[in-house]
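The structure appears below as structure tokens.
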Amino acid sequence: MEPTVPVAVWRLVSTMPPSIIRLSLGMYSTDGCPAAPSSIRQSSLAVLGRKVDDITELVDRNMVNITGSMENIKNNQDMGYIIDELLLDGDVLIPRTRNAMKCLKEPRACLWPKSANGNVEIPFLISEKYDRAERNTILTPMKDFASKTCIRFIPRTTQTRHISIEPRLGCFSLLGYVGGRQVVSLQKFGCVTHGITQHELLHSMGFYHEQSRSDRDHYVTINWDNIRTSYLSNFKKEDTNNLNTPYDYSSIMHYGRTAFGMHGSETITPFPNPSVPIGQRDRLSNFDILKINKLYKGWNYLW
Numbered sequence: 001m002e003p004t005v006p007v008a009v010w011r012l013v014s015t016m017p018p019s020i021i022r023l024s025l026g027m028y029s030t031d032g033c034p035a036a037p038s039s040i041r042q043s044s045l046a047v048l049g050r051k052v053d054d055i056t057e058l059v060d061r062n063m064v065n066i067t068g069s070m071e072n073i074k075n076n077q078d079m080g081y082i083i084d085e086l087l088l089d090g091d092v093l094i095p096r097t098r099n100a101m102k103c104l105k106e107p108r109a110c111l112w113p114k115s116a117n118g119n120v121e122i123p124f125l126i127s128e129k130y131d132r133a134e135r136n137t138i139l140t141p142m143k144d145f146a147s148k149t150c151i152r153f154i155p156r157t158t159q160t161r162h163i164s165i166e167p168r169l170g171c172f173s174l175l176g177y178v179g180g181r182q183v184v185s186l187q188k189f190g191c192v193t194h195g196i197t198q199h200e201l202l203h204s205m206g207f208y209h210e211q212s213r214s215d216r217d218h219y220v221t222i223n224w225d226n227i228r229t230s231y232l233s234n235f236k237k238e239d240t241n242n243l244n245t246p247y248d249y250s251s252i253m254h255y256g257r258t259a260f261g262m263h264g265s266e267t268i269t270p271f272p273n274p275s276v277p278i279g280q281r282d283r284l285s286n287f288d289i290l291k292i293n294k295l296y297k298g299w300n301y302l303w
């Protein structure tokens with residue numbers, strides 16, 4: 001029997017007004033990120049409220065045991081807030097106004113705006129909790145975008161709208177441009193790598209996991225019976241804007257072959273060639289670069 005969510009956590013969030021974000025804490029090891037401590041279970045807790053920082057910091061500080069199925073959470077009579085079910089893919093926090101790379105209201109409302117110089121400048125802060133080596137490991141993949149795309153990560157000065165890279169529990173990001181301070185979590189042990197940094201930054205730019213593409217059934221088979229039950233929603237196919245680009249087995253955004261599998265079993269099988277490698281977390285693929293420049297209209301960088 002799974003333990004319920006601590007009453008202290010319910011009391012904390014019960015005073016929070018609604019907002020467009022939810023918090024999910026959990027294990028991301030099969031998506032190229034480390035497993036959270038054993039006291040934190042995969043995304044079964046979704047909290048709708050403005051003060052996400054308060055919850056995350058409480059968990060970071062006390063390592064409270066946030067567990068329980070979504071059904072148990074819904075049935076908890078003490079809840080004074082709304083449960084939201086928008087988180088679909090483990091490490092992505094999805095605001096209500098978008099679905100994958102499609103904005104549901106204004107066509108470009110969930111994309112970072114272009115600057116007068118034609119580039120897309122994204123202000124950022126890196127937490128002082130990282131040491132010098134970790135900061136350099138984060139900065140290097142950020143600079144890599146500038147050599148291949150119209151994206152420029154610039155140190156924040158006074159900008160309200162920016163990303164804040166912090167060592168929270170696990171690897172996660174909001175999907176696309178939201179406004180205000182957007183946290184990108186890179187846990188110190190396991191998430192601070194070149195590939196995972198670029199993976200999460202691509203989420204913050206509006207890119208979803210590759211195997212969630214609307215056309216994925218032409219390229220991969222999802223082995224539903226091999227997926228751990230609580231992770232089934234991570235494999236939902238979405239109504240994505242594929243930007244007229246080919247399906248990319250080599251994308252840094254693609255799940256690995258055994259992602260969220262029971263006892264290491266295969267959950268994604270490519271076809272027609274089942275031996276094609278998938279799930280790399282080394283660097284942006286050529287088609288990752290193409291999609292960035294097409295989405296953000298970086299015409300000078302298009303092939």
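Going by full-length UniProt numbering, the first residue of the sequence shown is number 1, and it counts up by one from there. Using N, Cα and C, we set each Cβ at its ideal position, and we do this for glycine too. Note that the structure is a prediction, hence the values are computed from the model and not measured.
Measuring alpha carbon to alpha carbon, tell me which residue in the options is nearest residue i.
i	options	result
P270	Y249, A133, R152, H162	Y249
S212	L232, Q159, T193	L232
R257	Y247, I268, T160, S251	I268
T221	F235, H209, T229, S230	F235
L111	N293, P246, V192, M205	M205
residue 345	S285, R132, T137, T157	Residue 345 lies beyond the range of the chain shown here (1 to 303); nothing can be said about it.
I292	T160, H203, A133, V184	H203
E200	W224, L174, G190, I278	L174
W224	H162, S265, K148	S265
R135	S164, F207, V276	S164
H254	Q198, Y301, W299	Q198
K237	D215, P246, Y219	D215
Y219	P272, I278, L290, G118	P272
V192	A133, V183, D217, T240	A133
T245	F287, A259, E210	F287
Y208	V183, V184, D239, G190	D239
G190	T137, I278, V276	T137
N241	E210, A259, F260	E210
Starting from residue i, follow the alpha helix (DSSP H) in both directions and report where the run begins and ends.
i	result
L295	286 to 295
H162	Unbroken run through H162 is the beta strand (DSSP E), 162 to 166; no alpha helix (DSSP H).
L139	132 to 148
Could you pull out every residue in the same chain whose Cβ sits closer than 7 Å to the Cβ of residue i, ignoring the five residues on either side in sequence?
i	result
P167	S127, K129, Y130, L186, Q187, K188
S285	D248, S250, S251, I252
T160	G180
F145	I151, F153
Y301	K148, T149, C150, N293
D260	Position check: residue 260 holds Phe in this sequence, whereas Asp was assumed. Cβ neighbours of F260 beyond the five flanking positions: T30, I227, R228, Y231, N234, T267.
So, for residue i: in the same chain, excluding its five sequence neighbours on each side, which residues have a beta-carbon less than 8 Å away from its beta-carbon?
i	result
K143	F153
G195	G32, P141, I252, Q280, R281, D282, R283
L139	I126
T229	none
M262	N226, I227, R228
D217	K237
H162	I122, P123, F124, L125, R156, R181, Q182
P274	none
Got a sec? Which residues, its chain only, sit under 6 Å from residue i by beta carbon, not counting five neighbours each side?
i	result
V120	W112, K114, C150, I151, Y296
Y28	At Y28 the pLDDT is 29, less than 50, meaning the model places this residue with poor confidence and gives no usable figure here.
K294	L243
L12	Caution is warranted here: a pLDDT of 41 is assigned to L12, below 50, making its placement in the model unreliable, and the coordinate value is therefore given only provisionally. The answer is none, since no qualifying residue turns up.
K148	I289
S276	Per the sequence shown, residue 276 should be read as Val rather than Ser. The residues are Y249, P270.
G298	T149, C150
V183	S164, E166
A116	none
Identify the continuous beta strand (DSSP E) that holds residue i and give its terminal residues.
i	result
I122	120 to 126
G181	The sequence given here has Arg at residue 181, not Gly. Start and end: 181 to 186.
C171	171 to 174
P270	268 to 270
F153	151 to 155
Cβ contact check for the region 166 to 181 and the region 147 to 154: 3 or more pairs under 8 Å: Because the criterion of three Cβ pairs below 8 Å is not met, the region 166 to 181 and the region 147 to 154 do not touch.
Secondary structure, beta strand (DSSP E): runs of 3+ residues fully inside the region 194 to 244: 220 to 222
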